[in-house]
Structure formats: C-alpha cells, structure tokens
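Just below is one structure, and these are the notes that go with it.
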Amino acid sequence: MEAAPEREREGRGEEWSDGGVALGFRVKACSRESSGQKAANVLEPDLRSHWSTATNTKEWILLELNEPCLVSHIRIYNKSVLEWEVTGGLRYKPEAFVKVRPRGEAPKRDMVYPANHTPCRYVRISCLRGSPIAIYFIQLTGIPVPGLEPEFQPLVNHLLPQISSSQKQSHSSHNMHLQLLKDIASRLPPFLPQIEADLNSITDTPKSSVRFLALLAGPFYPILNLINERDATKTSISSADSDTLKTSLASIPTVSSNFEAQPRRARSPSSVQPASCMLAFRSETAILLLRKAHKDKTLSIVCHRASRVLQKLLEPEPFVDEPIPNGGKLSSEVSDEIPKSDASSLVPYTNYSSLFGEEFSLSENHFDGSFLNILDVAAVEEGILHVLYAAASQPQLGCKLAETTSDMWSVLPLVQALLPGIDWEMTLHT
1076 MEAAPERERE GRGEEWSDGG VALGFRVKAC SRESSGQKAA NVLEPDLRSH
1126 WSTATNTKEW ILLELNEPCL VSHIRIYNKS VLEWEVTGGL RYKPEAFVKV
1176 RPRGEAPKRD MVYPANHTPC RYVRISCLRG SPIAIYFIQL TGIPVPGLEP
1226 EFQPLVNHLL PQISSSQKQS HSSHNMHLQL LKDIASRLPP FLPQIEADLN
1276 SITDTPKSSV RFLALLAGPF YPILNLINER DATKTSISSA DSDTLKTSLA
1326 SIPTVSSNFE AQPRRARSPS SVQPASCMLA FRSETAILLL RKAHKDKTLS
1376 IVCHRASRVL QKLLEPEPFV DEPIPNGGKL SSEVSDEIPK SDASSLVPYT
1426 NYSSLFGEEF SLSENHFDGS FLNILDVAAV EEGILHVLYA AASQPQLGCK
1476 LAETTSDMWS VLPLVQALLP GIDWEMTLHT
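Under our numbering, the first residue of the sequence shown carries the number 1076, and numbering increases by one thereafter.
Below, the structure is given as structure tokens:
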C-alpha cells in the first residue's frame, strides 16, 4: 500500500438540488501510482492530469473525508477504467466497508452515482479492470455530520428515510430529522457507553428510544454538558479519604464565605473533593437520573427547569430568542459580542416540538442577572445536581419542586450556601 501525498480537495460550498454540498477530502492511500500520474491528481477537475497505475487489474484508491458525512453522490470522471466497485465506512476498516456502488461497468466519461446518503468517513474505489486503470478526478457530495460514529448506525437507519425525503423537498435548513441526527452525533459521543443499549433498542422501540436520545441532546443537554466538563477537571481520590474530607468540610465555617463575590465565570471546582461529590459528576450517574426523568413526568419537569438554569449560568446573555431551524447557528451580531473564551461553551437549543411535542419547545426563561455577581458558579452547578438527585430519590420532594411556581433563580444563593451541609450519600441514592 502506498501512502498518498498530504493534499486535500476542499469542499466548494455549492449546494446541490437535494441540499448536499461538495465535500472536502484527501487521498489517504492507493494500491499503486505511476511516477507522472499521482493519486493526488484526482483532487482537481483538470483533464490535463490524472491518476494512473499503469496496470490493468485490481487496483484501488482510498479517500478520507474531512469529517463524517452522509454521502449522497459520487462523481467520477473516468479515463480508462472498465469495471469498478465503490465501498465506504465510518472507520478505517476496509474489510468492514459497506457497498455504496456494486461491482459494475465503468463508462469512460463523467458519471454521477447516487450514494443514498451512506454514512462515510472513508470511500474506497476498487478498480477491477482497466486499459490501463486511470481516473481524471473525483468529487464527493453529501451532508457533513460531525461526530457521527458507527455506534449511531441504528439511529441513522431509523432517521434516514425522513432525512432523504425532507432533503428532496425543502433542503437541510428545514430538515428537523437531520438536525436531530447532527445534534445527537455532535453532543453524545462522550456518553456512548451509557447510551449504547438505547441505540441498539431503536429497532424494537424506536419511538421511546429516539425520544430519550432527543431529550439528552436537546432540553437535557446542559446537564450533560456540565457533567462532561466537570468530569474532565476532577482529580482522583480514594474512597478511604471520603469520611476524613466530609469531617473536614463540616468543621470549617464556609456558609458565609460562599456569599463573597466571585470572579465572573469562576467555574473551576476545588482540587480536593469528597468521593460522593465526584460520583455526582459521573456520566453513568447522570444518565441514570435522566433516564428516570424520561419515564417520570414530575422529575422531567424539575430537570427541564434545572437545565434552563444551567444553560443561563453557562452563558447568561439571551442568545436564543426564537426557534432556530438550522440547528442553532448564532447571528453574527450576537457572536461578535461573546468573548472567545466563552464561545466554546455555548449550547444553542433546537426546537424539536414539531417532532416530539411541546415538551421540546423553547420556553422563555426569565432570570435575575444580579445574582450572578454573588454566585460561585461551580458550587451552584454542583448544588443543582444534588437537588436533582434528591428529587429523583424522594418522590415527594420532586412533586413539590415540580408544582412550585417560584423562580428557581431566587433560591440559587441558598443552594450555594447549603452545599457544604448536603448529605452526599442520600442525594445519590437514585
């Protein structure tokens, strides 16, 4: 196998009739190339150059897309290949690639083959016969889906008929099924071990499984985003030290100090945390909580409210006022006002109410920004999680929280003040 030069074909950005765009890719490898006709020549639509092997049988070229995509069309300007086959896949395992185009004759002209929105990161063109084997250029067209992994294949299989139908009718800007797939693919990979069973159950219980995944990637995602961020900042601690740490925390008068003004965006937790505190930020614990909320309407209401508060703590500027059909792109005016250090933390919502009902709509969230100057954001985030775990383990408390009409923002200073006295073990018995 001969490695290909480090050259890429950039996506040109032009939109096809089905909403797909020209995709950027590079030649990752090829079986052979002649000295004057390199494999990288297929990246440019120039008929004065081409890729040639100077042989007439069983050669191939492997293309790597810049990101995972649903490939809709493959354009090949053939020079002298007589027969070929096209396969593709999301991982670099050619032996496991699926057929995109079955073995067949290769006309000596510019051909566009439908690829039926096949999920691909790699595309392999096997040239089975030629006189000799040679190709002028190749173009791939489709829809980028960043983060798409093979584990999401059951979800792709379920959503693909609706995605393809909507693409033909109204293009991607109004394709809510496509936006759902993009959101799940970009947001949930860190939680794949916890949601693998839900993905595999889509075939048997599609409505319930897809709805749960949509909750995780949509209304509940600020909770998971917090879990993902704080999980990366935790330090390891042995369970043997947990009792000592809890005793130490109880002996220090920390309630009044919690109200000292903190620097804006002070979200870094203490380097020393009780083991049960660390458990609160574990992915499996959070997924168990949200899976219960999916089945329990009362707990779901509490999680929705907490999620909206966490969203505003992340970025309090109201950057989403209306449903965003294209999946949450920020306006240029708002984007310019957001500091670069905060831009990566933004979690734009998508309004999925057209797919799943009003539970997924974007409700207005009023809050008092004056509280932000006295809050230790990291402590409040942690306190909110413990409130959710307590609501899950104590149904009566959950009902009271769901029924209350008061604004959760007003109790955030109290949540922060009470955090050192929370019974860690009790709140985590979900």
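By construction, the Cβ of each residue, glycine as well, lies at the ideal position given by its N, Cα and C atoms.
How would you call residue i, buried or exposed, if buried means at least 16 neighbouring beta carbons within 10 angstroms?
| i | result |
| --- | --- |
| ASP1279 | exposed |
| VAL1187 | exposed |
| LYS1370 | exposed |
| PRO1236 | exposed |
| LYS1257 | buried |
| ARG1184 | exposed |
| GLY1179 | exposed |
| GLY1111 | exposed |
| LEU1267 | exposed |
| ALA1272 | exposed |
| THR1193 | buried |
| LEU1489 | exposed |
| GLU1359 | exposed |
| THR1128 | buried |
| SER1284 | buried |
| THR1162 | buried |
| LYS1243 | exposed |
| TYR1167 | exposed |
| GLU1412 | Unreliable positioning characterises GLU1412 in this predicted model, as indicated by a pLDDT of 42, which lies under 50. The coordinate reading is nonetheless provided below. Counting Cβ neighbours within 10 Å, GLU1412 comes out exposed, since fewer than 16 surround it. |
| ALA1467 | buried |
| SER1485 | exposed |
| GLU1170 | exposed |
Using the DSSP secondary-structure output, state which residues sit across from residue i in a beta bridge.
| i | result |
| --- | --- |
| GLU1139 | ARG1101 and TYR1197 |
| PRO1189 | HIS1148 |
| ASN1153 | ILE1210 |
| LYS1174 | THR1162 |
| SER1110 | DSSP output for SER1110 lists no bridge partner at all. |
| CYS1378 | Note: CYS1378 sits in no beta bridge, so no partner. |
| GLY1179 | TRP1159 |
| SER1127 | ALA1209 |
| GLU1134 | CYS1202 |
Rounded to a whole number of angstroms, what is the C-alpha to C-alpha distance between residue i and residue j?
| i | j | result |
| --- | --- | --- |
| LEU1450 | PRO1265 | 29 Å |
| ASN1131 | ALA1097 | 30 Å |
| ILE1376 | SER1382 | 10 Å |
| GLY1095 | LEU1385 | 35 Å |
| ASN1275 | PRO1207 | 45 Å |
| CYS1195 | GLN1228 | 11 Å |
| SER1311 | LEU1487 | With a pLDDT of only 46 at SER1311, under the threshold of 50, the placement of this residue in the model should not be trusted; the figure read from the coordinates follows. Cα to Cα, the separation comes out at about 28 Å. |
| LYS1154 | ALA1181 | 10 Å |
| ARG1150 | GLY1217 | 11 Å |
| ILE1362 | SER1239 | 31 Å |
| ALA1190 | VAL1146 | 6 Å |
| LEU1374 | ALA1453 | 23 Å |
| HIS1233 | ARG1380 | 30 Å |
| VAL1156 | ASN1303 | 49 Å |
| PHE1295 | GLY1222 | 19 Å |
| ALA1325 | TYR1424 | The predicted model places ALA1325 with a pLDDT of 41, which falls under 50 and marks its position as unreliable, so this point remains unresolved. |
| ALA1115 | CYS1144 | 21 Å |
| ARG1357 | ASP1306 | 7 Å |
| LYS1372 | CYS1378 | 10 Å |
| LYS1282 | LEU1230 | 11 Å |
| LEU1290 | SER1124 | 51 Å |
| GLY1458 | TYR1464 | 10 Å |
| GLY1293 | LEU1447 | 25 Å |
| HIS1461 | LEU1255 | 29 Å |
| SER1106 | ASN1426 | 47 Å |
| PHE1287 | GLU1142 | 26 Å |
| ALA1368 | LEU1493 | 24 Å |
| LEU1137 | PRO1225 | 19 Å |
| GLU1108 | TRP1135 | 10 Å |
| ALA1260 | TRP1159 | 32 Å |
| LYS1103 | GLY1205 | 22 Å |
| VAL1198 | GLN1214 | 11 Å |
| ILE1210 | PRO1219 | 25 Å |
| LYS1309 | ALA1355 | Any reading at LYS1309 must be qualified, since the residue scores a pLDDT of 47, below 50, and its modelled position is unreliable; the value itself is stated next. If I take the Cα positions, the gap works out to 11 Å. |
| GLY1099 | LEU1388 | 37 Å |
| HIS1148 | HIS1249 | 21 Å |
| ARG1366 | GLU1139 | 37 Å |
| SER1429 | LYS1113 | 50 Å |
| ALA1535 | ASN1300 | Residue 1535 is absent from the model: the chain starts at 1076 and stops at 1505. |
- [ ] Kindly confirm or deny that the segment 1115-1126 and the segment 1168-1176 touch, where touching means at least three C-beta pairs closer than 8 Å.
- [x] no
TODO: Please specify which runs of the beta strand (DSSP E), each continuous and at least 3 residues long, are wholly inside the segment 1210-1295, giving them in chain order.
DONE: none
Open item on the list: I'd like to know if the segment 1428-1438 and the segment 1463-1479 are in contact, where contact means that at least 3 CB-CB pairs between them fall below 8 Å.
Closed with: no
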